[in-house]
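Heads up, the thing below is written out as structure tokens.
Numbering (my numbering), first residue to last: 8 to 158.
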């Protein structure tokens with residue numbers, strides 16, 4: 008058994024992904040509606056998002072403070088596999104959010120024999136939540152999440 012499939016972490020991730028579905032539903036549905044609009048494209052949506060971010064990236068993310076903006080379970084397992092495959096012992100993560108991707112990466116570090124992950128997050132409330140999630144998973148000893156703007 009690996010850390011990712013341990014009951015402690017697997018149960019936590021299942022619960023968190025359920026919270027993501029509820030918390031981000033409105034945001035996701037709004038994005039899907041924009042994509043489905045006549046003449047719309049994913050490319051145009053991405054360009055609009057990038058333009059908003061370029062204009063005031065702090066406001067863009069402050070407006071999404073209640074959203075997880077998390078990786079999917081499939082993408083999380085992909086992150087885990089990549090970190091394992093390259094035998095990562097040091098990882099830097101920009102935009103930790105509530106720490107879901109961080110959990111997958113920290114699990115890979117644990118299974119690689121240890122290491123250190125430094126994450127950054129602008130929203131202080133998200134930092135506290137991410138740290139609590141890492142503590143609940145038993146992975147906090149591998150991670151340092153820094154509050155503030157990494158740029």
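Note that CB positions come from ideal geometry on N, CA and C, so glycine has one too.
{"Asked": "Residue 57 (DSSP reduced to helix, strand or coil)", "Found": "helix"}
{"Asked": "C-alpha distance - residue 154 paired with residue 134, whole-angstrom precision", "Found": "6 angstroms"}
{"Asked": "Own chain, CB closer than 6 angstroms to residue 99, minus 5 neighbours either side, in chain order", "Found": "125"}
{"Asked": "Residue closest to residue 96, alpha-carbon to alpha-carbon, out of 47, 102, 112 and 103", "Found": "112"}
{"Asked": "Strand pairing of residue 151, partner residues [DSSP]", "Found": "125"}
{"Asked": "Distance, residue 75 Cα to residue 41 Cα", "Found": "20 angstroms"}
{"Asked": "Touching by the beta-carbon criterion (3+ pairs, under 8 angstroms), the segment 62-74 and the segment 9-21", "Found": "no"}
{"Asked": "C-beta atoms of residue 144 and residue 107 nearer than 7 angstroms", "Found": "no"}
{"Asked": "Cross-strand partners of residue 98 (DSSP beta bridge)", "Found": "124"}
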